[in-house]
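Number of protein chains: 2
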Amino acid sequence: MNFDLDKFLPYRLSLATNTLSQALAKDYAAFDITRTQWRVLAVLGAGLEGEQDWTAGAIAHKTMMDKTTLSRAIKNLIERGLVKRKAAQDDGRASPLALTAKGRKLFEKIVPIALAHEERIVGNISNDDLKTLERILGALLVHD
Amino acid sequence: MNFDLDKFLPYRLSLATNTLSQALAKDYAAFDITRTQWRVLAVLGAGLEGEQDWTAGAIAHKTMMDKTTLSRAIKNLIERGLVKRKAAQDDGRASPLALTAKGRKLFEKIVPIALAHEERIVGNISNDDLKTLERILGALLVHD
DNA sequence: AAATTATAGTTGCATAAGCAACTTGTTTAT
DNA sequence: ATAAACAAGTTGCTTATGCAACTATAATTT
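Read top to bottom, the protein sequences are chains S and A.
To convert, count from 1 in the first sequence and add 564; that's my numbering.
To convert, count from 1 in the second sequence and add 564; that's my numbering.
Structure below.
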């Protein structure tokens with residue numbers, strides 16, 4: 565049976581991703597932020613004002629993470645005063661989230677580090693290749 | 565602060581990878597095989613005869629997985645008679661592994677499913693793009 | 001409008017993952 | 001040759017993950 569693990573795409577992708585994620589994780593672990601927590605901060609921080617109500621569910625859907633994992637990450641962020649719940653306007657179940665001032669401050673401290681990290685990686689890749697990569701990654705994700 | 569999560573490469577990669585991995589995981593979960601166990605089977609199964617002694621450590625290094633995670637996965641595979649320990653020739657600590665007949669049988673049952681899965685994904689990507697992807701993934705992994 | 005069905009979020013539980021410390025066997029240094 | 005340093009693999013422990021079940025609110029059906 566001819567099966568070459570080294571050419572098996574899911575494996576290759578997984579390896580590359582894990583390497584990157586783990587290295588990046590160390591960056592924000594310095595702020596006691598886990599991967600999931602960083603995702604929440606990133607979604608809330610990247611969101612322009614008034615753009616959308618970022619509820620836990622919306623974040624779960626966007627990032628394709630489990631809602632229970634998110635629920636706990638959010639709980640922790642709220643306890644630490646980094647995220648707050650905005651008053652729900654219409655739906656009493658949903659609970660739109662936002663960064664607090666403290667949360668935004670932290671977000672703005674982490675972003676340059678994350679970007680520098682990305683730059684270190686992406687720096688080795690040509691512009692054309694990057695565009696191709698973007699396109700392929702888009703194609704891999706059917707995501708709704 | 566301008567930070568666009570949707571264009572942040574580690575995030576994009578992670579999303580694509582998780583989608584693929586999770587879908588694939590369902591395939592071998594049908595055989596009561598976890599991700600880590602599948603990796604072990606794949607490394608052992610893909611290895612040509614006499615190519616290299618695949619010890620737990622060698623697999624850990626190749627796949628960049630934690631050795632304790634692997635230790636337990638291997639233990640389980642041995643208990644189920646899918647993997648066996650070959651006699652160590654020189655080093656009394658190391659314990660080279662191999663598929664049993666039963667293990668190879670299972671491996672050969674899973675491979676076509678995994679390949680079909682990959683094909684479903686890769687089918688949408690042009691050959692040129694695939695080559696580029698391979699190259700980029702290689703570049704992302706400095707690995708040693 | 002009462003009853004059913006669906007949705008947002010949380011909690012319980014069982015499993016997975018990974019660090020640190022340990023055991024056993026192997027080198028290296030003196 | 002003996003002690004010290006090192007490496008392979010395992011075990012303990014803590015935390016992360018993700019499914020299933022639950023609570024509370026909202027929408028739909030009749």
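Don't be surprised by glycine CBs; every beta carbon is placed ideally from N, CA and C.
Along the chain, where does the alpha helix (DSSP H) that runs through residue 666(A) open and close? For residue 666(A), the uninterrupted alpha helix (DSSP H) run begins and ends at 665–686, by DSSP.
Residue 648(S): first and last residue of the uninterrupted beta strand (DSSP E) it sits in: Counting along the chain, the beta strand (DSSP E) containing residue 648(S) begins and ends at 647–649.
Give the DSSP-derived three-state secondary structure of residue 662(A) in the structure shown. Strand at residue 662(A).
Note down the Cα distance separating residue 679(S) from residue 605(A), rounded to an integer number of angstroms. Here the alpha carbon of residue 679(S) sits roughly 37 Å from the alpha carbon of residue 605(A).
To the nearest angstrom, report how far apart residue 654(S) and residue 610(S) are at their CA atoms. Spanning the alpha carbons of residue 654(S) and residue 610(S) requires a straight line of approximately 24 Å.
Inter-residue Cα distance where the pair is residue 668(S) and residue 681(S): Separation of residue 668(S) and residue 681(S) (C-alpha to C-alpha, rounded to the nearest whole angstrom) is 20 Å.
Contiguous beta strand (DSSP E) assignments of at least 3 residues, all confined to the region 601–656 of chain S: Runs of the beta strand (DSSP E) lying entirely within the region 601–656 of chain S and spanning at least 3 residues, in chain order: 647–649.
Excluding sequence positions up to five away, which residues of its chain have a Cβ less than 7 Å from the Cβ of residue 618(A)? In its chain, beyond the 5 residues on either side, 607, 608, 611, 660 and 661 have a beta carbon closer than 7 Å to the beta carbon of residue 618(A).
Mapping DSSP to helix, strand and coil, what is residue 585(A)? In the three-state scheme derived from DSSP, where H, G and I count as helix and E and B as strand, residue 585(A) is classed as helix.
Give the straight-line distance between the Cα atoms of residue 640(A) and residue 633(A), rounded to the nearest whole angstrom. Approximately 11 Å, taken between the alpha carbons.
Would residue 697(S) and residue 597(A) qualify as a contact pair, given that the criterion is a beta-carbon distance under 7 Å? With a cutoff of 7 Å on beta-carbon distance, residue 697(S) and residue 597(A) are scored as not near each other.
According to DSSP, is residue 597(S) part of a helix, a strand, or is it coil? In the structure shown, residue 597(S) sits in coil (DSSP, three-state: anything other than H, G, I, E or B).
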